[in-house]
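Per the UniProt record's numbering, residue 5 is the first one in the sequence shown, and the count goes up by one each step.
Think of the CB as a built atom: it goes at the ideal place given N, C-alpha and C, for glycine as much as any other residue.
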Amino acid sequence: IWQEVPLAPPDSIFKLTAAYKEDKFKDKVNLGVGAYRDDNSKPWVLPVVKKATSILLNDETLDHEYLPITGLAEYTSAAAKLILGADSPAVKAGRVSSVQTISGTGANHLGALFLSRFYQFNGKKQVFLSNPTWINHYAILRNVGIEPVEYPYYDPKTIGLDFEGFINSLKSAPERSVFLIHACAHNPTGVDPTQEQWKAIAEVIKEKKHYSFFDSAYQGFASGDLDKDAWAVRYFVEQGLPLLVCQSFAKNAGLYGERVGALHIVPPDAETANRVKSQLSVLQRSEISNPPAHGARLVSLILNDAGLFEEWKRDIRTMAGRIIDMRNELHRQLTEVLHTPGSWDHILQQIGMFSFTGLNPAQSQKLIDEAHIYLTQNGRISMAGLNSHNVEYVARSIDGVVRG
Ligand code: LMR
Numbered sequence: 005i006w007q008e009v010p011l012a013p014p015d016s017i018f019k020l021t022a023a024y025k026e027d028k029f030k031d032k033v034n035l036g037v038g039a040y041r042d043d044n045s046k047p048w049v050l051p052v053v054k055k056a057t058s059i060l061l062n063d064e065t066l067d068h069e070y071l072p073i074t075g076l077a078e079y080t081s082a083a084a085k086l087i088l089g090a091d092s093p094a095v096k097a098g099r100v101s102s103v104q105t106i107s108g109t110g111a112n113h114l115g116a117l118f119l120s121r122f123y124q125f126n127g128k129k130q131v132f133l134s135n136p137t138w139i140n141h142y143a144i145l146r147n148v149g150i151e152p153v154e155y156p157y158y159d160p161k162t163i164g165l166d167f168e169g170f171i172n173s174l175k176s177a178p179e180r181s182v183f184l185i186h187a188c189a190h191n192p193t194g195v196d197p198t199q200e201q202w203k204a205i206a207e208v209i210k211e212k213k214h215y216s217f218f219d220s221a222y223q224g225f226a227s228g229d230l231d232k233d234a235w236a237v238r239y240f241v242e243q244g245l246p247l248l249v250c251q252s253f254a255k256n257a258g259l260y261g262e263r264v265g266a267l268h269i270v271p272p273d274a275e276t277a278n279r280v281k282s283q284l285s286v287l288q289r290s291e292i293s294n295p296p297a298h299g300a301r302l303v304s305l306i307l308n309d310a311g312l313f314e315e316w317k318r319d320i321r322t323m324a325g326r327i328i329d330m331r332n333e334l335h336r337q338l339t340e341v342l343h344t345p346g347s348w349d350h351i352l353q354q355i356g357m358f359s360f361t362g363l364n365p366a367q368s369q370k371l372i373d374e375a376h377i378y379l380t381q382n383g384r385i386s387m388a389g390l391n392s393h394n395v396e397y398v399a400r401s402i403d404g405v406v407r408g
C-alpha cells in the first residue's frame with residue numbers, strides 16, 4: 005500500500021525557516037515566515053505574556069480538564085469585542101457566534117467548512133481570493149470542497165492596490181458570492197485599501213449581497229492601534245453586511261505555537277446566531293473535540309484585565325514601531341545611500357508585517373542563493389526579520405540583485 009502516494013513538495017513558507025536554520029553563513033537573514041523578531045533576530049516573548057503566564061502558573065484553581073467544545077467563553081467573548089468593538093451593535097444584540105479555533109488557520113478552516121455545509125452558494129461552490137493571497141487559503145478552501153477563484157488586488161505596475169480591478173470583480177461576480185478579504189495588513193503585499201476605498205468596496209458588496217469572509221491575522225500590527233486596524237471589519241458590521249471574521253493571536257500576542265484563534269460569524273439576529281453556533285459546535289467536535297486551553301487562558305487574562313490590556317497595547321506598539329522603523333531604514337538605505345534603480349516608496353506605503361518588494365522570482369532566488377537572505381519567491385519580505393544589524397546588508401544585497 006501507499007505506492008500511489010506522490011511525494012508532496014515542502015510548504016513554501018516553512019521550508020524557508022528550515023533552510024535558514026541549516027545555513028551556516030554568519031550573516032544569514034530570515035525574511036521568510038511572518039513571525040516577529042526583536043532587534044537581535046530573536047523571537048520576542050511579550051512582557052505582558054510573561055506576566056500572564058506567571059499568573060496562570062500560580063493559579064491553584066486551574067486544572068487540565070477539557071474546555072467546552074466551542075472554547076473558553078470568557079476568551080471568545082473578549083476576542084469578539086476586540087475585533088468588533090466593545091460597543092459593537094452586533095455584540096450588544098447577541099448576534100455573534102464565536103468559537104475558539106486552532107489559531108487563524110483553524111478559524112479559516114472552520115469558517116470554510118461551515119460555508120461549505122450551509123452557505124447557499126449561487127451556482128458554483130467557490131470563494132474569491134485576492135490575487136495574491138496567503139498561500140494557505142487555497143489549500144484550506146480545497147480541503148472542504150470549495151473552489152478558490154481569484155479577484156484582482158495587486159497592481160505590479162504601481163506595486164499598490166488594483167482598486168478598479170477589485171471593484172470590477174465585485175461587480176461582475178454572481179450575487180451572493182463569497183469574498184475572502186484581509187481585514188488589515190494584507191498578506192503578502194502589505195497593501196490595504198484606504199477608508200474611502202473600503203467604503204466603496206462595502207457599497208458594492210451590499211448591492212450584490214456578497215458575503216465577506218474576513219481574515220484578521222494582524223490586528224495591531226499595521227498601525228500599532230488595535231481599533232484602527234479593525235476599522236474595515238467594524239464598518240462592514242455597521243453597514244449590516246453579512247460576514248464572518250477569522251482571528252488570530254499568533255502575531256499580535258506573539259503566541260505562534262500556542263494556536264490561539266477564534267471564528268466569529270455575525271448573522272442578522274440572535275436566534276440565527278444560536279443555530280449557527282450549534283452547528284459550529286458539531287463541526288468542531290468531529291475535528292478537534294475541544295480547543296487547547298493554555299493560550300486561550302493567557303489571552304483571556306490579558307483581554308479581561310484593564311491593566312494587562314494596557315500593557316499589551318504597549319507591547320504591540322513596540323512591535324509595530326520597530327517594523328515601521330525598519331521600513332524607514334530600508335527605504336533610506338535603498339534610496340539615499342545606495343541609489344538603487346527604481347522607486348522604493350512602496351516600502352513606506354505598505355503596512356504591517358510584510359513588504360512586497362517588487363523583486364521577481366529570479367532576483368528572490370538569487371538573494372537566497374548568493375546572499376543567504378531567505379524570502380518567498382514572490383518577493384515578499386517579512387519586515388520583522390530586519391533589524392539595525394542586518395538592514396544595511398539586506399539593502400546592499402537587494403541593490404546587487406536589482407542591478408544584476
Ligand atoms: C506567513 O504568511 O508567513 C505566516 O502567516 C505564517 C504562515 O502560517 O504561513
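Checking 7 Å against the spacing of the C-beta atoms, do residue i and residue j come in under that value?
i           : j           : result
residue 233 : residue 223 : yes
residue 303 : residue 264 : yes
residue 180 : residue 213 : yes
residue 365 : residue 406 : no
residue 192 : residue 136 : yes
residue 220 : residue 240 : no
residue 116 : residue 139 : no
residue 372 : residue 194 : no
residue 300 : residue 124 : no
residue 368 : residue 353 : no
residue 387 : residue 347 : no
residue 258 : residue 48  : yes
residue 250 : residue 111 : yes
residue 155 : residue 176 : no
residue 269 : residue 101 : yes
residue 43  : residue 376 : no
residue 99  : residue 271 : yes
residue 228 : residue 324 : yes
residue 31  : residue 397 : yes
residue 378 : residue 24  : yes
residue 252 : residue 383 : no
residue 3   : residue 52  : Residue coverage of the chain in this structure runs from 5 to 408, which leaves residue 3 outside it and unanswerable.
residue 60  : residue 131 : no
residue 295 : residue 89  : no
residue 95  : residue 84  : yes
residue 338 : residue 297 : no
Using DSSP with H/G/I as helix, E/B as strand and the rest coil, what is residue i?
i           : result
residue 311 : helix
residue 69  : coil
residue 249 : strand
residue 260 : helix
residue 223 : coil
residue 228 : coil
residue 7   : coil
residue 4   : As shown, the chain starts at 5 and ends at 408. That puts residue 4 outside it, with no answer to give.
residue 101 : strand
residue 275 : helix
residue 110 : helix
residue 280 : helix
residue 159 : strand
residue 164 : strand
residue 303 : helix
residue 37  : coil
Along the chain, where does the alpha helix (DSSP H) that runs through residue i open and close?
i           : result
residue 172 : 167-176
residue 51  : 51-61
residue 236 : 235-242
residue 21  : 18-26
residue 397 : 395-407
residue 92  : Per DSSP, residue 92 belongs to no alpha helix (DSSP H) and is neither H nor E.
residue 202 : 199-212
residue 82  : 77-88
Please confirm if residue i has its CB atom under 7 Å from at least one CB of chain D.
i           : result
residue 355 : Here there is only one protein chain, and chain D is not present.
Starting from residue i, follow the beta strand (DSSP E) in both directions and report where the run begins and ends.
i           : result
residue 185 : 182-186
residue 267 : 264-270
residue 155 : 151-156
Quick one, what's near the ligand LMR if you take every residue whose CB is closer than 6 Å to any heavy atom, in chain order? Ordered along the chain, residues surrounding the ligand LMR are 17, 37, 38, 138, 140, 191 [Cβ under 6 Å from any heavy atom].
Any alpha helix (DSSP H) of 4 or more consecutive residues that is wholly inside the segment 327-392: Counting only runs of at least 4 residues, the segment 327-392 fully encloses the following alpha helix (DSSP H) elements, listed from N- to C-terminal order: 350-353, 365-375.
Which parts of the segment 120-148 are runs of the alpha helix (DSSP H), unbroken and 4 residues or longer, counting only runs that do not cross its ends? 140-147
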